[in-house]
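Visitor: Residues in the sequence shown are numbered consecutively from 226, following the numbering used here.
Please find one structure pasted underneath; my questions will follow.
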Amino acid sequence: MSMRLMVQAMNCKVGNPARKLVLLKLADNANDDGICFPSYQYIADKCEMTRRSAINHIEYLIKMGLVSKKERKNKDGSISNLYFLHLEQGSENFALGSENISLGSENFALGGSENISPRTSHSLEPVNEPKKTTQKSEAEMLLEQFGITGQLAKDFITHRK
226 MSMRLMVQAM
236 NCKVGNPARK
246 LVLLKLADNA
256 NDDGICFPSY
266 QYIADKCEMT
276 RRSAINHIEY
286 LIKMGLVSKK
296 ERKNKDGSIS
306 NLYFLHLEQG
316 SENFALGSEN
326 ISLGSENFAL
336 GGSENISPRT
346 SHSLEPVNEP
356 KKTTQKSEAE
366 MLLEQFGITG
376 QLAKDFITHR
386 K
C-alpha cells in the first residue's frame, strides 16, 4: 500500500464516486511504484459493486490516462492484469477538467449559480459565530433601577405578559 498514491488518488477528479472508489482501491493495492495486480472480482467485492461495474470503471480510468493495464498470461493459461497508476499526471490534468473528459465542461462551469449548493467548510477548527446583541426593553431598564437584572428580570417580564 502506498500512502502517497492514496493521497494522489483522493485528489484526482474522476467524475463518479464509484469510479473514485475503484481508483482508491487500486492505489491501496499498489506498491510505491504504482504497480498492482488485483483481480476484477477482488476489486468488485471490496468496492461492493458488480464485477462488470468494476471492469467498466477501470476501463474508464484507462481512457482518462490515470491507469494503464497489461495482460499477463500465466503458465496454466489463465490471464491476470497488471495495473500501472499514473496519478501524478492525472491530478494535474484532470483537476481542471481537460478537453478529453467532460467532468466540468464550459457550459456547466459558467452557468448560473441558482442550482449550486452552498460551500461547506471542512475545517477542523470550531466555528465562532457572532453572538446576537439585543437591546434592553423599557421594562428591563425600569427593573434595573430597582436592582433586578439578568435572568430574573427576563423571567419577571415573561410572567407579567
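Ideal Cβ placement from N, Cα and C applies to all residues, glycine included.
Since this is a predicted model, take the numbers as computed values, not measurements.
Given a cut-off of 8 Å, decide if residue 286 and residue 312 are closer than it, judged by their beta-carbon atoms.
Guide: Position 87 of the sequence shown, counted from the start, is the residue given in the question as residue 312. Position 61 of the sequence shown, counted from the start, is the residue given in the question as residue 286. In this structure, residue 286 does not lie closer than 8 Å to residue 312 by Cβ.
Visitor: Can you list, in chain order, the residues of its chain whose CB lies under 6 Å from that of residue 271, leaving out five sequence neighbours each side?
Guide: Here residue 271 corresponds to residue number 46 of the sequence shown, with the count starting at 1. Within the same chain, residue 271 has close Cβ partners 250.
Visitor: So, at 6 Å on beta carbons, what are the nonlocal neighbours of residue 257 in its own chain, with the 5 sequence-adjacent residues on each side left out?
Guide: To locate residue 257, count along the sequence shown from 1; it is residue 32. So the qualifying residues of the chain are 227.
Visitor: Taking the alpha-carbon positions, what's the residue 299 to residue 264 distance?
Guide: Along the sequence shown, read from residue 1 onward, the residue named residue 299 stands at position 74. Along the sequence shown, read from residue 1 onward, the residue named residue 264 stands at position 39. Approximately 14 Å, taken between the alpha carbons.
Visitor: Rounded to the nearest angstrom, what separates residue 259 and residue 242 at their Cα positions?
Guide: Translated into positions along the sequence shown, residue 259 becomes position 34. Translated into positions along the sequence shown, residue 242 becomes position 17. Near 21 Å, if we compare the C-alpha coordinates of residue 242 and residue 259.
Visitor: Can you name, in chain order, every residue of its own chain whose Cβ lies under 6 Å from the Cβ of residue 365, other than the five neighbours on each side?
Guide: Taking the sequence shown and counting its residues from 1, the one referred to as residue 365 is at position 140. Around residue 365: 378.
Visitor: With residue 231 and residue 252 assumed to form a contact (beta carbons below 8 Å), what rounded beta-carbon distance in angstroms separates them?
Guide: As a position in the sequence shown, residue 231 is number 6, starting the count at 1. As a position in the sequence shown, residue 252 is number 27, starting the count at 1. Right, their Cβ atoms sit about 5 Å apart.
Visitor: Could you tell me the distance, in whole angstroms, from the CA atom of residue 303 to the CA atom of residue 296?
Guide: As a working note, residue 303 is residue 78 in the sequence shown. As a working note, residue 296 is residue 71 in the sequence shown. The alpha-carbon atoms of residue 303 and residue 296 are separated by roughly 10 Å.
Visitor: Between residue 283 and chain B, is any beta-carbon pair separated by less than 8 Å?
Guide: Protein chains in the displayed structure number just one, and chain B is not present.
Visitor: So residue 247 and residue 289 are in contact, right, with Cβ under 8 Å, and what is the actual spacing, rounded?
Guide: Counting from 1 along the sequence shown, the entry for residue 247 is found at position 22. Counting from 1 along the sequence shown, the entry for residue 289 is found at position 64. Not really, about 12 Å apart at Cβ, beyond 8 Å.
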